[in-house]
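For reference, the structure is listed below as structure tokens.
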RNA sequence: GCGCCCGUAGCUCAGUCGGAUAGAGCACGAGCCUUCUAAGCUCGGGGUCGCAGGUUCGAUUCCUGCCGGGCGCGCCA
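Residue numbers (our numbering): 2 to 599.
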């Protein structure tokens, strides 16, 4: 990890786990009651959160309130816990057991019925399970990728795309109104260089020897574009002045390369709501307008023939040039105008997804936001670190200078969009990522993408087999869930109940990898369950003696073949239904497909 | 030098608000296909949470110092 995780979270933190909600309510009521009776002072009711204990003896859920209240109550944690415990009303309705452990943990074992309600909740909410109205419709603009249209997207952009999209989807799921935008850097020096590079190649193609621009773009795609220029314009460009010719090449190249970017992103499953052109900002006079506004407010000044933005007044370490001595605007000038435009469009929050090498730029942009009178928290920058491509453990060398880099398209074509996205989202975005192409293609448990998708497909397969065999396939509301008694079943249910809070935490921290981890854990529980337990009875056409012999063998191995009654089959299929729904919802938020068969 | 960050198993990394005996995957070793998909499962060894202090009933988590590493400090994007 090389960069700060932004810990500032926005939005109130609440639990959306139906079991936890009930438990928290009960604890809160108990605190109130104790206060009313004068047993506890409880000056302010703390925001209660529950821990998931590591050991089964500690119950399903644990609370540490008693310990945090103890100092202000001037009582031993254990006594505080005891008072809380005594004041829980209708304890039997909610809990099988509540115990106080050593310093003052309240360890609670929730009634099985309550857990089972999670399955019904998943069924009734369906695709909406894990969605919540936390954001209350507040508007968020997520800007990401925003690569210069001077060449194809490379792997790093792919990671940015996956991260940006996942963040957008997570925020949508938590009740924000989200717009996804791509900022096109179609003005300035880089575009000029693009035009010059293509023009040089074009001339070369037509046999006119020229020297290639010193810092020009050297990728093979430049030749492709140059060839297209020749197809479209023939030799006519040769007759233009150098300046006009470069401009012509720039326009054609820009159009083609931007179109390629759009297509690559589309193939990657990413659709932007808006494409915002930097050039349009300059053309409309927006940049000049903004700068003169700043000057009027004494936030812009002249020095050494350049124009400076007084960013140091807002926490930046020094002031920054917005117009160079020669009269060109710097990229900061456009960015100032662009961010003001975004702010004025009325978003409650701006999210910028940047390459991590731009992290020094953050104080500057925060200064911009504050210069317009907004709190700097209005902008949150998500940094995306480099991707190290590996092939079978060995590093794939890339040199951007020589124009040799692996494109996002190549990776997508090789491993598929789903695998690429999953890998991009497996680590916190601001840490370096090792991406092994061989591993991403591998069809085995070592490949985490397949591991998770396979869990979904496996369940789909169960349903197909059940149908074929004419077995009823009840949803949770139609099954006798009381037959679910095995700890492995409850392990799954507990995991399912935690899904909404994972989504919420992931969205609040803008960290999609948390969801990726969760899905791997859920898939792991599913695979274990599948292996250890039967869902359906042994097929009728299977030879009984053969089956019996197998049972003997199996038990010698320590495995037990269970007897599964039709009702238990129904209950387990209903459980599978819920697991599949959550897998599908979670993969959906990551922009990854949930296949029916593999 | 200044600033921002990072240091958790051999490797790559999780660890939310300070909680109980610190987790996963890979790799390594030993096993499991007559099954509802083996694209799967089981078991095992592995740790001074960089070091030293501090705050706390309790620190991987918060604070300070040190060691090691990264990045930024352009009128480049």
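By construction, the Cβ of each residue, glycine as well, lies at the ideal position given by its N, Cα and C atoms. Because the structure is a prediction, the values reported are computed rather than measured.
Taking 8 Å as the limit between beta carbons, can you name the residues of its chain near residue i, skipping five residues before and five after?
{"i": "residue 90", "result": "27, 30, 31 and 34"}
{"i": "residue 157", "result": "356, 385, 387 and 388"}
{"i": "residue 97", "result": "110, 111, 112 and 113"}
Go ahead and pull the three-state DSSP assignment for residue i.
{"i": "residue 612", "result": "Residue 612 lies beyond the stretch modelled for the chain, which goes from 2 to 599, so this question has no answer here."}
{"i": "residue 178", "result": "strand"}
{"i": "residue 277", "result": "strand"}
{"i": "residue 613", "result": "In this structure the chain extends from 2 to 599, so residue 613 is not present and cannot be described."}
{"i": "residue 582", "result": "helix"}
{"i": "residue 155", "result": "strand"}
{"i": "residue 144", "result": "strand"}
{"i": "residue 19", "result": "helix"}
{"i": "residue 340", "result": "helix"}
{"i": "residue 225", "result": "helix"}
{"i": "residue 396", "result": "strand"}
{"i": "residue 307", "result": "strand"}
{"i": "residue 537", "result": "coil"}
{"i": "residue 526", "result": "helix"}
{"i": "residue 209", "result": "coil"}
{"i": "residue 272", "result": "coil"}
{"i": "residue 328", "result": "coil"}
{"i": "residue 517", "result": "helix"}
{"i": "residue 409", "result": "helix"}
{"i": "residue 301", "result": "strand"}
{"i": "residue 356", "result": "strand"}
{"i": "residue 598", "result": "coil"}
{"i": "residue 500", "result": "helix"}
Restricting to Cα atoms, I'd like to know which of the options is closest to residue i.
{"i": "residue 125", "options": "564, 489, 477 and 378", "result": "477"}
{"i": "residue 284", "options": "514, 344 and 189", "result": "189"}
{"i": "residue 49", "options": "62, 138 and 226", "result": "62"}
{"i": "residue 362", "options": "592, 339, 321 and 395", "result": "321"}
{"i": "residue 235", "options": "83, 249, 358 and 317", "result": "249"}
{"i": "residue 243", "options": "196, 217, 358 and 80", "result": "196"}
{"i": "residue 495", "options": "522, 515, 464 and 342", "result": "522"}
{"i": "residue 464", "options": "569, 450, 376 and 581", "result": "581"}
{"i": "residue 73", "options": "54, 42 and 86", "result": "42"}
{"i": "residue 328", "options": "305, 350 and 148", "result": "305"}
{"i": "residue 37", "options": "59, 161, 85 and 470", "result": "85"}
{"i": "residue 415", "options": "296, 24, 390 and 468", "result": "390"}
{"i": "residue 116", "options": "147, 508, 19 and 202", "result": "19"}
{"i": "residue 595", "options": "524, 536 and 572", "result": "524"}
{"i": "residue 229", "options": "202, 209 and 214", "result": "202"}
{"i": "residue 526", "options": "191, 491, 22 and 331", "result": "491"}
{"i": "residue 467", "options": "266, 573 and 69", "result": "573"}
Taking 7 Å as the limit between beta carbons, can you name the residues of its chain near residue i, skipping five residues before and five after?
{"i": "residue 261", "result": "153"}
{"i": "residue 1", "result": "Since the first residue shown for the chain is 2 and the last is 599, residue 1 is missing from the structure and cannot be characterised."}
{"i": "residue 348", "result": "140, 141 and 142"}
{"i": "residue 132", "result": "174"}
{"i": "residue 373", "result": "341 and 344"}
{"i": "residue 254", "result": "195, 196, 199 and 226"}
{"i": "residue 334", "result": "288, 292, 323 and 324"}
{"i": "residue 170", "result": "590 and 592"}
{"i": "residue 121", "result": "477 and 478"}
Which word fits residue i, buried or exposed, when buried means at least 16 other C-beta atoms lie within 10 angstroms of its C-beta?
{"i": "residue 88", "result": "buried"}
{"i": "residue 337", "result": "buried"}
{"i": "residue 151", "result": "buried"}
{"i": "residue 529", "result": "exposed"}
{"i": "residue 532", "result": "exposed"}
{"i": "residue 559", "result": "Residue placement at residue 559 cannot be trusted, given a pLDDT of 34 that sits under 50; what the coordinates show is reported in the next sentence. Counting Cβ neighbours within 10 Å, residue 559 comes out exposed, since fewer than 16 surround it."}
{"i": "residue 485", "result": "buried"}
{"i": "residue 281", "result": "exposed"}
{"i": "residue 46", "result": "exposed"}
{"i": "residue 579", "result": "buried"}
{"i": "residue 136", "result": "buried"}
{"i": "residue 449", "result": "buried"}
{"i": "residue 94", "result": "exposed"}
{"i": "residue 233", "result": "exposed"}
Identify, in the order they occur along the chain, each residue of the same chain with its Cβ nearer than 6 Å to the Cβ of residue i, setting aside the five sequence neighbours on each side.
{"i": "residue 82", "result": "67, 101, 105 and 107"}
{"i": "residue 331", "result": "322 and 323"}
{"i": "residue 358", "result": "none"}
{"i": "residue 259", "result": "150"}
Q.
Between the segment 280-290 and the segment 299-306, can you find at least three pairs of beta-carbon atoms closer than 8 Å?
A. no
Q) Does the count of Cβ pairs from the segment 360-378 and the segment 303-320 closer than 8 Å reach three? A) yes
Q | Cβ contact (3+ pairs, closer than 8 Å) linking the segment 262-277 and the segment 426-436 | A | no
(Q) Can you confirm whether the segment 416-425 touches the segment 434-454 when touching is taken to mean that 3 or more C-beta pairs between the two stretches lie within less than 8 Å? (A) yes
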